[in-house]
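One structure is given here, and the rest of the page talks about it.
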Amino acid sequence: MGVVAGAAAPVAAATGAFVVVVAGRGTIDVDVVVSVAVAFAWIGLGWYLNWRGFKHEEALLLPLRRLILAWQSWGGSDFRGANLNNADFRQANLRQARFNDTALIGCRWQQAKNLHLADFRRTLLESKAARLLLGQGDIGDCNFAHANLRGAVLAGLDLTGVNFHHTDLSQADLRACLLRDADLSEAMALTTDFSEAEFTGAILEKLERRQNHPLRRRSSPFCLSKT
207 MGVVAGAAAP VAAATGAFVV VVAGRGTIDV DVVVSVAVAF AWIGLGWYLN
257 WRGFKHEEAL LLPLRRLILA WQSWGGSDFR GANLNNADFR QANLRQARFN
307 DTALIGCRWQ QAKNLHLADF RRTLLESKAA RLLLGQGDIG DCNFAHANLR
357 GAVLAGLDLT GVNFHHTDLS QADLRACLLR DADLSEAMAL TTDFSEAEFT
407 GAILEKLERR QNHPLRRRSS PFCLSKT
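Numbers 207 to 433, taken from our numbering, label the letters of the sequence shown in order.
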């Protein structure tokens, strides 16, 4: 039986390789060819969106990322809703772990592996920037404005020039941090420990805090306004 070359022509550009392989084997069912092409297209699109969602965590793809994490973490370590305050996860492999709605104040995450493959919905580690900061000490583009860093352990980090405007830093550990030229205006820092931190040139305008952890000058005076 001959090949239905004319009928296959409209899909040749997308499925040319397939047509060449089967051309000598008989008649091609065009509907099958189209179905296979569409299936491969959807698989490729799904893979690409999955890759973009995990690598860049773009806002438009966050719902897809959350759905994939929920599915992939099924059967993994389940800490959902637990009180894990002050737990030590340094160098732990957290692939497929579920931390949804978990209390994580004072936890240590330095060098933890596969933080991006754990489900941290509704916790301070839900954002990529927070995971990089707590896991690797990477301040990225220095912008944490309006972020949730409640209970974060940042002791000893170089946070020079970081933007913490209107950030929740309550109960966080910022001992001995370098906060030169950092913007802490309107940040919430209730019971935050700033012991031995350096604030040279830092903006502390309307910083909301309690006095049981006094700010101590290590060098030059603070900058109290943006002007």
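Think of the CB as a built atom: it goes at the ideal place given N, C-alpha and C, for glycine as much as any other residue. Predicted, not measured: the structure shown is a model, and the values here were computed from it.
Classified as exposed, L273 has fewer than 16 neighbouring CB atoms from the shown chains inside 10 Å of its CB.
When secondary structure is reduced to three states using DSSP, V359 falls in the strand class. DSSP places L338 inside the alpha helix (DSSP H), whose first and last residues are K334 to Q342.
Counting C-beta atoms within 10 angstroms of its own C-beta, E404 has 16 or more neighbours from the protein chains shown and is therefore classed as buried. Judged by pairs of C-beta atoms under 8 Å, the region 356 to 365 touches the region 308 to 318, as three or more such pairs exist. In the DSSP assignment, no residue is bridged to A243. For G407, the closest C-alpha among the options W277, A353 and N369 is that of N369.
Distance from the Cα of T329 is smallest, within the candidate group A288, R386 and D399, for A288. In this structure L321 touches R337 by the C-beta definition: roughly 5 Å separates them, less than 8 Å.
For G343 and E411, the gap between their C-alpha atoms comes out near 25 Å.
In the three-state DSSP reduction, A309 falls in the strand class (E or B). Judged by DSSP in its simplified three-state form, L384 adopts strand.
The C-alpha of I345 lies about 51 Å from the C-alpha of V238.
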